[in-house]
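In the working numbering, the protein residues as written are 1255 to 1365.
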């Protein structure tokens, strides 16, 4: 079972979301954030599309090392450094500490 992810918005994130909502005016059925109860493939697609739009807007789309996955992993590294492997695992929605550590490039073992 995957854990629920929580990703609090920074003040900058709040500003960007506000700008997005003002510019795009999404409809009532458009997903802005991933929520429980939706099919996983639909949620993954919504996240990928939103991140792609953000990368295009930031003019960094097309750079080989900048992907939706690289953004999630970079954020997870910060969570790991602040709060540890369990928090990073939850952040990624994973159920495996070992898989999270491997994804983040850390040689980690439970004591």
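Beta carbons: idealized from backbone N, C-alpha and C, even for Gly.
No experiment lies behind these values; they were computed from the predicted model shown.
**Prompt:** Do the region 1328 to 1343 and the region 1310 to 1319 make contact, defined as three or more Cβ pairs closer than 8 Å?
**Reply:** no
**Request:** Would you tell me roughly how many angstroms separate the C-alpha atoms of residue 1358 and residue 1275, rounded to the nearest one?
**Result:** 32 Å
**Message:** Can you give me the C-alpha to C-alpha distance between residue 1322 and residue 1346, rounded to a whole angstrom?
**Reply:** 12 Å
**Asked** Between the C-alpha atoms of residue 1280 and residue 1307, what's the straight-line distance to the nearest angstrom?
**Response** 13 Å
**Asked** Helix, strand or coil: how does DSSP classify residue 1356 here?
**Response** helix
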